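In the numbering used here, the protein residues as written are 137 to 210. Glycine included, C-beta positions come from ideal geometry on N, C-alpha and C. Note that this is a predicted model, so its numbers are computed, not measured.
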Amino acid sequence: MEEFLENSARKCYKAKDNASLMKFVRALYSKESKHKLLKSLDCNEELLVLEEEWGKNYNEASERDTLHEIDLPE
137 MEEFLENSAR KCYKAKDNAS LMKFVRALYS KESKHKLLKS LDCNEELLVL
187 EEEWGKNYNE ASERDTLHEI DLPE
């Protein structure tokens, strides 16, 4: 499945269809796979957007965990 997703993403890249490219990239299993594929395609802007999303999700999860630890309502 991973190979199918990567090949599909590469086809979208060649067709200059970045929206579809990112759908396939997001479907990959690991952050490492996503990062590696985008770097290999020299899709630095798309990689930056993805890393910003990861950072935002991490920060939101950390805030929720902190609220639970100190027993405050969200």
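Handout entry: The alpha helix (DSSP H) enclosing A151, as first and last residue numbers
Key = For the purposes of this step, residue 151 is taken as the residue at position 15 of the sequence shown. Premise fails: A151 is in no alpha helix (DSSP H) and is neither H nor E.
Problem - S166, DSSP secondary structure in three states - result: Here residue 166 refers to the residue found at position 30 when the sequence shown is read from its first residue. Of the three classes helix, strand and coil, the one that applies to S166 here is coil, per DSSP.
Handout entry: Backbone CA spacing between K147 and N180 [nearest angstrom]
Key = Within the sequence shown, numbered from 1, the residue matching residue 147 stands at position 11. Within the sequence shown, numbered from 1, the residue matching residue 180 stands at position 44. Roughly 17 Å between the two C-alpha positions.
Handout entry: Proximal residues to H171 (C-beta, below 7 Å), its chain only, five neighbours per side dropped
Key = Numbered from its first residue, the sequence shown carries residue 171 at position 35. Spatial neighbours of H171 in its own chain (CB-CB distance under 7 Å, excluding positions within 5 residues in sequence) are listed in chain order as L183.
Handout entry: DSSP-derived helix/strand/coil call for M137
Key = Position 1 of the sequence shown holds residue 137. Coil, per DSSP.
Handout entry: Proximity of Y149 and L177 at Cβ, strictly below 9 Å
Key = Taking the sequence shown and counting its residues from 1, the one referred to as residue 149 is at position 13. Taking the sequence shown and counting its residues from 1, the one referred to as residue 177 is at position 41. For Y149 and L177, yes; Cβs fall inside 9 Å.
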